[in-house]
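Sequence order for the protein chains is D and E. Each residue of the first sequence is one higher than the one before, counting from 1 in full-length UniProt numbering. Each residue of the second sequence is one higher than the one before, counting from 1 in full-length UniProt numbering. Just so you know, even glycine gets a beta-carbon here, dropped at the ideal spot from N, CA and C. Input: a single structure, listed below in structure tokens.
2 protein chains.
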Amino acid sequence: MSMNGARGARERLVVIGGDAAGMSAASQARRLKGPDELEIVAFERGHFTSYSACGIPYWVSGDVPERDRLIARTPEEHRARDIDLRLRTEVTELDLDRGRVRARDVDSGAESWTSYDKLVIATGAQPIRPDLPGMDAPGVHGVQTLDDGQALLDTLARTSGRRAVVVGAGYIGVEMAEAMIKRGYEVTVVNRGREPMATLDPDMGRLVHEAMEGLGITMVNDAEVTALLTGDDGRVRAVATEDAEHPADVVVLGIGVRPETALARAAGLPLGEHGGLLTDRSMRVRGQEEVWAGGDCVEVLDLVSGQQRHIPLGTHANKHGQVIGANVGGGYATFPGVVGTAVSKVCDLEIARTGLREKDAHRVGLRFETVTVESTSRAGYYPDASPMTVKMLAEVRTGRLLGVQIVGREGAGKRVDIAAVALTAGMTVDQMTALDLGYAPPFSPVWDPVLVAARKAAGRIRGTG
Amino acid sequence: MSMNGARGARERLVVIGGDAAGMSAASQARRLKGPDELEIVAFERGHFTSYSACGIPYWVSGDVPERDRLIARTPEEHRARDIDLRLRTEVTELDLDRGRVRARDVDSGAESWTSYDKLVIATGAQPIRPDLPGMDAPGVHGVQTLDDGQALLDTLARTSGRRAVVVGAGYIGVEMAEAMIKRGYEVTVVNRGREPMATLDPDMGRLVHEAMEGLGITMVNDAEVTALLTGDDGRVRAVATEDAEHPADVVVLGIGVRPETALARAAGLPLGEHGGLLTDRSMRVRGQEEVWAGGDCVEVLDLVSGQQRHIPLGTHANKHGQVIGANVGGGYATFPGVVGTAVSKVCDLEIARTGLREKDAHRVGLRFETVTVESTSRAGYYPDASPMTVKMLAEVRTGRLLGVQIVGREGAGKRVDIAAVALTAGMTVDQMTALDLGYAPPFSPVWDPVLVAARKAAGRIRGTG
């Protein structure tokens with residue numbers, strides 16, 4: 001059944017995916033064009049729209065008291081703005097030649113075609129699930145969606161044991177370790193890497209490792225999971241690695257995600273080496289006139305390395321959505337790329353990074369110096385001044401800033417923004433030493449820790465460090 | 001008596017002023033040149049070196065338990081690094097023609113000349129003291145030096161009353177208001193301006209005003225002090241304005257400072273319209289070959305307005321000292337200027353600004369749009385997400401960022417650094433909307449408050465806001 005018949009002169013925008021990128025695009029387009037000019041149809045296969053997946057660990061931990069707090073905008077709110085939102089409706093095929101998508105009602109199985117004038121693909125990411133025995137056993141949980149979070153909470157409510165194993169030690173892994181600690185569990189983190197937080201260099205990851213052990217978390221690094229072992233009741237009872245078995249009453253998978261691009265691949269749209277859709281600066285799919293893509297299903301340009309990356313993060317998805325919505329709505333906006341900024345925490349430990357790690361710089365052929373400094377979040381004499389470690393990479397010869405990693409306590413994490421802006425502006429570490437940053441004893445030492453690192457890096461680059 | 005006789009081939013550096021700028025210069029020069037190459041003589045008229053005057057309010061409040069915590073480097077530590085430091089020795093004359101300074105032992109009154117090859121003027125600032133009755137009465141205190149701080153603490157220890165009046169509502173005034181609140185005083189702030197914090201636009205100052213009243217501080221704005229009234233015992237008993245008398249057991253003066261440049265003026269060195277020494281980019285005094293100046297006695301270039309300003313701040317003084325020391329020591333460094341960043345707090349209220357206020361922009365002929373947004377320090381659903389107000393100025397046509405002001409609670413103040421770096425880089429507000437800032441629910445909403453302001457400003461500039 002085609003829905004073309006009822007349309008007049010107005011155009012139809014079809015959005016696939018009802019979370020951050022898709023619904024931001026829809027909302028922004030609606031802001032620019034009213035329903036008389038633009039019909040907007042959005043398909044979402046789940047039950048929810050516009051929610052903060054990044055907030056799930058804090059809901060599980062109890063910091064956020066209820067699921068609905070994570071929902072930025074409900075289906076009803078979208079519909080009230082004349083967006084024809086179809087929940088529990090999965091798009092199963094893109095027909096680019098005829099400008100239409102096929103969608104299936106998840107509950108009834110009924111299928112129909114919907115034509116579009118403009119299409120936004122915002123299908124998000126799917127969790128990586130190694131093909132291991134026991135992966136689907138009761139007691140094993142991912143935390144990608146609100147439904148996942150609810151399932152985990154239901155399990156926790158039913159489980160009498162107190163041992164949790166978190167598989168993976170990236171952002172989701174460390175945040176879920178915190179969540180399970182806060183719920184009173186004994187937590188073991190099983191990590192295939194040499195140190196947790198592979199988005200940091202191993203020397204900085206080592207600081208995270210030590211701090212997590214200080215929080216009472218058992219860290220098992222360099223460990224590949226071989227199976228999830230189940231008991232007689234079929235529930236998970238342990239995580240097995242080559243060397244050991246780690247008893248578990250509940251297992252949380254924090255292994256990461258890959259772009260959800262099966263539809264796009266089947267339709268012949270261009271994908272990058274990380275499996276994400278490739279777009280131009282306006283977030284239009286390369287080679288397409290009227291197809292746009294954003295959020296966790298696309299690759300983005302890393303402005304420091306000049307290469308494409310896949311960075312599933314809500315803040316990017318929201319920006320993509322805004323850009324797409326502006327362009328689809330007849331305005332103009334671009335997404336220039338990222339510098340790779342991320343921040344996280346495990347209890348009171350703050351972890352942040354931007355730009356390139358040592359291995360990234362090596363890989364793209366950049367020669368660099370690195371420095372690492374210890375400083376404090378406030379003037380040393382001020383109460384609660386807490387230590388932080390700042391690592392900085394700068395290109396030899398030019399002195400251009402290449403990356404910053406920070407591990408510390410309260411006040412450490414968001415300092416990465418200083419470096420993120422400096423990276424975006426292409427500043428040298430020498431230029432950074434003169435930055436006029438906010439100073440007062442409760443906020444910073446007289447030399448901000450980032451400037452201490454910049455001074456040392458500038459000295460190293462000059463060869464006088 | 002000349003001290004020239006004993007010198008061989010090595011040069012002599014004379015430093016006037018033993019606080020941040022002077023001793024940073026001395027230390028950095030010493031790092032680059034050993035005592036065989038460079039003799040360093042430093043004159044300081046007080047008892048202390050290298051201390052944090054910015055920390056005095058927190059010492060008075062009790063947050064910092066003792067005076068010596070504010071001293072970054074003691075006289076003994078400087079002397080151990082072969083710096084010939086002469087405390088309680090005031091320089092009374094510069095003889096530029098003959099390359100010498102006359103110094104007087106404050107205690108004995110003895111005077112002598114010391115010749116120099118290179119001279120650093122780091123004489124700091126002097127507090128502004130209106131010529132009013134009662135200004136020198138017991139119970140009236142400034143807080144510029146450690147000696148001032150000690151005198152105030154001595155008064156507080158002896159005083160039975162609990163009413164404090166703070167004169168002035170700039171950084172020192174609001175910080176001292178906090179200090180006196182923390183010591184259990186009833187605090188009245190008497191302020192000549194329309195709102196506190198004249199470094200903000202009045203609409204933002206109004207938020208500070210309201211928050212300070214919420215803290216139990218009595219705010220008296222638009223009030224010129226006419227006299228400090230004394231009792232029969234000669235001690236201060238009230239602060240009089242044209243309209244009222246404000247009873248006071250102790251009065252703290254937070255009126256600000258001006259450059260201490262009497263010596264430089266007498267020697268004919270170039271001063272700017274704010275009374276500060278004028279230097280080139282290397283911090284060398286204009287027109288001089290071997291005379292350098294830094295810290296609170298100089299004017300600096302405001303990179304946003306293109307005009308000279310006087311900004312007495314320890315963080316600038318330290319940078320100046322580093323730059324001077326590098327140049328004097330045979331290296332090379334410059335101080336490009338400032339963007340006017342400052343941050344402060346009153347109890348849990350954080351106040352920050354960078355760049356131009358509305359009136360600054362008017363004065364230098366810039367046309368601009370302003371926007372003000374409300375956001376939160378963390379994701380709205382995360383515990384302790386606190387509200388903050390961000391005001392942003394952007395130039396019409398170009399969209400160039402001109403200034404940012406922030407008033408909020410925990411996590412608000414240091415966000416000004418994002419804008420400080422963007423200002424330094426000459427970014428437009430439209431460029432800022434794409435900044436890749438650290439995002440996670442405990443650290444920021446998915447759109448950082450500074451980006452929310454940038455988006456709104458960019459929309460306003462495009463005329464679609």
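Query                                                                                                                          : Result
Contact check, T218(D) vs E186(D), beta carbons under 9 Å                                                                      : yes
Range covered by the alpha helix (DSSP H) that runs through S24(D)                                                             : 20-32
Distance between A42(D) and G465(E) (C-alpha atoms, nearest Å)                                                                 : Its pLDDT being 46, under 50, G465(E) is placed unreliably by the model, and nothing is read from it.
Nearest neighbour of P324(E), chosen from D107(E), I121(E), S115(E) [CA to CA]                                                 : Looking at the sequence provided, one finds Ile at residue 324(E) rather than Pro. Of the candidates D107(E), I121(E), S115(E), the one whose C-alpha sits nearest the C-alpha of I324(E) is I121(E).
First and last residue of the uninterrupted beta strand (DSSP E) at L229(D)                                                    : 225-230
Helix, strand or coil at S305(D) [DSSP, three-state]                                                                           : coil
A9(D) versus R30(D), E77(D), D117(D), I461(D), residue with shortest Cα-Cα distance                                            : D117(D)
Alpha helix (DSSP H) runs contained entirely in the stretch 232-264 of chain E, provided each spans 4 or more residues         : none
DSSP-derived helix/strand/coil call for E11(D)                                                                                 : strand
Test item: CB-CB of V346(E) and V208(E) under 9 Å                                                                              : yes
Residues, ordered as in the chain, of the stretch 45-63 of chain E that lie near chain D by beta-carbon distance below 8 Å     : S52, C54, G55, Y58, D63
N4(D) versus L277(D) - alpha carbon distance                                                                                   : Because the pLDDT at N4(D) is just 47, under 50, the model does not fix this residue reliably, and the value given afterwards should be weighed accordingly. So the two alpha carbons sit approximately 28 Å from each other.
Touching by the beta-carbon criterion (3+ pairs, under 8 Å), the stretch 410-427 of chain E and the stretch 350-368 of chain E : yes
Listed by chain order, chain D residues near K33(E) by CB distance under 8 Å                                                   : By Cβ distance, chain D contributes nothing, its closest Cβ being about 13 Å from K33(E), past 8 Å.
Ordered list of beta strand (DSSP E) runs contained in the stretch 36-72 of chain D, each at least 3 residues                  : 38-43
Collapsed DSSP secondary structure at D417(D) in the structure displayed                                                       : helix
Exposure label - S160(D); buried when at least 16 CB within 10 Å                                                               : exposed
In chain order, each beta strand (DSSP E) run of at least 3 residues that lies wholly inside the stretch 360-413 of chain E    : 368-376, 387-395, 401-408
L374(E) versus R455(E): straight-line alpha-carbon distance, rounded                                                           : Looking at the sequence provided, one finds Glu at residue 374(E) rather than Leu. Their backbone Cα atoms lie some 13 Å apart in a straight line.
Distance CB(P449(D))-CB(S52(E)) smaller than 9 Å                                                                               : no
Nearest candidate by alpha-carbon position, reference D168(D), set A264(D), T433(D), W292(D), E224(D)                          : The amino acid occupying residue 168(D) in the given sequence is Gly; Asp does not appear at that position. When each option's Cα is compared against that of G168(D), the closest is E224(D).
Cβ of A440(D) within 9 Å of any chain E Cβ                                                                                     : yes
Touch test, the stretch 134-147 of chain E against the stretch 229-240 of chain E, Cβ-Cβ under 8 Å, three pairs minimum        : yes
Option nearest Y439(D) by Cα separation, candidates E44(E), C54(E), L32(E), R30(E)                                             : C54(E)
Environment of S50(D) [buried if 16+ CB atoms lie within 10 Å]                                                                 : buried
A440(D), enclosing beta strand (DSSP E) - first and last residue                                                               : A440(D) -> no beta strand (DSSP E), and no H or E assigned at all.
Outcome for V396(D) when other beta-carbon atoms lying within 10 angstroms are tallied against a minimum of 16                 : exposed
Span of the beta strand (DSSP E), counted from its first residue to its last, around D430(E)                                   : Looking at the DSSP string, D430(E) is not in any beta strand (DSSP E); the run it does join, the alpha helix (DSSP H), is 429-432.
Contact the stretch 53-67 of chain D vs the stretch 379-399 of chain E: 3+ CB pairs below 8 Å                                  : yes
Within 8 Å of chain E by C-beta, residues of the stretch 390-422 of chain D in sequence order                                  : G411, G413, K414, R415, V416, D417, I418, A420, V421, A422
Opening and closing residue of the alpha helix (DSSP H) in which Q126(E) lies                                                  : Run containing Q126(E): none in the alpha helix (DSSP H); it sits in the beta strand (DSSP E), 125-127.
Interface residues of the stretch 138-154 of chain D facing chain E [CB-CB below 9 Å]                                          : none
Interface flag, G314(D) vs chain E, CB-CB below 9 Å                                                                            : yes
Buried or exposed by the 16-neighbour rule on C-beta atoms within 10 Å, applied to K359(E)                                     : exposed
One or two residues paired with V106(E) in a DSSP bridge                                                                       : DSSP, once it has assigned bridges, lists no residue as partnering V106(E).
Span separating the alpha-carbon of E90(E) from that of D97(E)                                                                 : 20 Å
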